[in-house]
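Residue numbers (the working numbering): 48 to 663.
As structure tokens, the structure follows; a few thoughts come after it.
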């Protein structure tokens, strides 16, 4: 199972082309001379490259290894996750994108200052940085380790090469280079997975025979409508719990929101969300079919006991090297596919980390920073995070059994951050104290359940259908399969053991709900935000719609007397150009002004706002 010269050449070609894209955008256009061009691609991207970049950001190398292993071991139940994509992408398109885009912000956490105060913004920023710094090193190291174990591909050569190339094109080309390399790498990922499926199915007598044999072996799952939240995978955990997971990724995650904000218009940003839906379905389909082909192939061409992989995340690589070993170049194509997922994910991490550090931590304390200095500092931050990624990869190599916990931290943080944004966006009465306490409570709950589940699984065998904490190496928590223990004889968990067996698909819903409930309780106890202090631009009017059957006076009381005047479509589409400022606030002045796409109107001498609603 060794690579040929052709395989190494294909892998090298991936790196060269990725670097070339970065150099091209470093030397073309305005040559990344402004912060807006470097961090937001000049807000001039079309919906299709943005959509493919959205897809690539969360299709990490570990997901390419993890989903087929899940199907191989547990059947096609996981495929029902695709049902969650509809609401998981429709809600961001019609709720989160309009609010963020019209505020003209650069960092998602600027919203938190506009809605609450600077303290909440800093708390959100630090939480995100903690999440991503731990994540980016692991997501670089983990697939390289699996590749090294199966193929003998030099571990640190792969880690250093990928890390340095990614740092190069991210630092030089900015977000525009990241997006276009994502497009290229997405096509490579499609090609690699498709090649494995076609060659494997052809050797097994066609896809119809693969499906038939998998069905005979019980790997084609039916719809399990069991509502038990402690059961690892059911239709409800995947289709409903998956919606909250998708919202934490496609609704409020900086890496994704930054891509929405780079679109040339709000309409293009929404279209990118629509376009990523079929792409996500195709990716899920390819991964599941790979798992089925892998299962049937293993039944007909079993490996010797001494060749069996030590962990499930190596299953796909053993299968690929066995199936493609007689076809020079195709193993290299799959490795290029694997590391395309890695490159696209960590480049997004570098760019989003540079953005939040610059906009949320540096600029507020250096208001007089010139544009040229701010741009240079943004590039240095991206470069610095690239080097930090290599350092975190080295730290990951020394973690040993703690590696799973380090990977899992990423998944623990997404739910509380979703809850924080939902608290601010949907509940006008929430105040800054409630937001901070709610976030801390959500993080405490997330780490309690997550770490508790992990430690419990390490002490002994898990209960049936339990969820060993998923090693979330990609943002979509798809890697829940890579380190899961096999299902054992039925037991009856009780107490905390039962609590720790909550399906990981409900983690985002559980943790975000904790933030909202605690945040609302603390806000009501400490005094809700006065109606006059709430900027309707930062609120999505979900409460008036949910409470539409109640009398007017009760609706106003429950909405903290914040007015949400509806506007007709013609007025909503009105666009009048005006000057803009970085955080989206209207420039001062006595004259009436309307901002294009901002969704608000401010008249002379009037402190009130009119909120533009976005209909589903």
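Just so you know, even glycine gets a beta-carbon here, dropped at the ideal spot from N, CA and C.
As the structure is a prediction and not an experimental result, all values here were calculated from the model.
### Task
Assign residue 59 to one of two classes, buried (16 or more other C-beta atoms within 10 Å of its C-beta) or exposed (fewer than that).
exposed
### Query
Can you tell me the Cα-Cα spacing of residue 179 and residue 573, whole angstroms?
33 Å
### Query
What do you get for residue 264, buried or exposed, if any count of 16 or more other CB atoms within 10 angstroms of its CB means buried?
exposed
### Query
Exposed or buried, which one is residue 63 when buried takes at least 16 other CB atoms within 10 Å?
exposed
### Task
Report the residue from 141, 431, 300 and 583 whose alpha carbon sits nearest the alpha carbon of residue 471.
583
### Query
Could you give the residue range of the alpha helix (DSSP H) that holds residue 115?
108-121
### Alpha carbon of residue 554 to alpha carbon of residue 55, nearest angstrom
40 Å
### Task
Return the Cβ separation of residue 258 and residue 150 in integer angstroms, given the expectation that the two are a contact with Cβ distance under 8 Å.
Not quite, the Cβ-Cβ distance comes to about 48 Å (not below 8 Å), so this is no contact.
### Query
Using the C-alpha atoms, what's the distance from residue 279 back to residue 334?
20 Å
### Message
Distance check for residue 70 and residue 90, CA to CA, integer angstroms please.
### Response
20 Å
### Query
So is residue 103 buried or exposed if we call it buried at 16+ other beta carbons inside 10 Å?
buried
### Query
What residues in its chain sit with their C-beta under 7 Å from that of residue 57, if we drop five residues either side in the sequence?
376, 379, 380 and 383
### Query
Which class does residue 310 belong to by DSSP, given the choice of helix, strand or coil?
strand
### Query
Who are the near neighbours of residue 192 in its chain, counting only those whose CB is closer than 7 Å to its CB and skipping five residues on each side?
202
### Query
Per DSSP, residue 92 is paired with what?
310
### Message
So, at 6 Å on beta carbons, what are the nonlocal neighbours of residue 429 in its own chain, with the 5 sequence-adjacent residues on each side left out?
### Response
217, 218, 397 and 401
### Message
Buried or exposed, going by whether 16 or more other CB atoms sit within 10 Å of the CB of residue 152?
### Response
buried
### Query
Near residue 163, what residues of its chain come up, given a Cβ to Cβ distance below 7 Å and the 5 sequence neighbours on each side ignored?
471, 479 and 482
### Residues near residue 442 in its chain [Cβ-Cβ closer than 8 Å; skip 5 each side]
184
### Query
Which same chain residues, not among the five before or five after residue 52, have their C-beta less than 7 Å away from its C-beta?
none
### Task
May I have the straight-line CA-CA distance separating residue 284 from residue 109, to the nearest angstrom?
22 Å
#### Entry: Straight-line gap, residue 81 to residue 419 (C-alpha atoms, nearest Å)
7 Å
### Query
Can at least three beta-carbon pairs, one atom from the stretch 137-149 and one from the stretch 307-319, be found at a separation below 8 Å?
yes
### Message
Buried or exposed, going by whether 16 or more other CB atoms sit within 10 Å of the CB of residue 394?
### Response
buried
### Task
Find out if the Cβ-Cβ distance for the pair residue 323, residue 95 is shorter than 7 Å.
no
### Message
In whole angstroms, give me the CA-to-CA distance for residue 373 and residue 181.
### Response
39 Å
### Query
Do the stretch 124-142 and the stretch 282-298 touch if we need at least three Cβ pairs shorter than 8 Å?
yes
### Anticipated Cβ contact below 8 Å, residue 99 with residue 235, distance rounded
Their Cβ separation, rounded to whole angstroms, is 12 Å, which puts residue 99 and residue 235 out of contact at 8 Å.
### Query
Would DSSP call residue 230 helix, strand or coil?
helix
### Query
How many Å lie between residue 131 and residue 436 at the Cα?
32 Å
### Task
Express the C-alpha separation of residue 256 and residue 155 in angstroms, rounding to a whole number.
48 Å
### Task
Taking only the alpha-carbon atoms, compute the straight-line gap between residue 276 and residue 176 and give it to the nearest angstrom.
31 Å
### Message
Are the CB atoms of residue 487 and residue 562 within a distance shorter than 7 Å?
### Response
no
### Message
Is it buried or exposed, residue 657, if we count other Cβ atoms within 10 angstroms and call 16 or more buried?
### Response
Low local confidence applies: a pLDDT of 32 at residue 657 is under 50, so the model's placement there is unreliable, with the coordinate-based value given in what follows. That one is buried.
### Where residue 168 falls, given that 16 or more other Cβ within 10 Å makes a residue buried
buried
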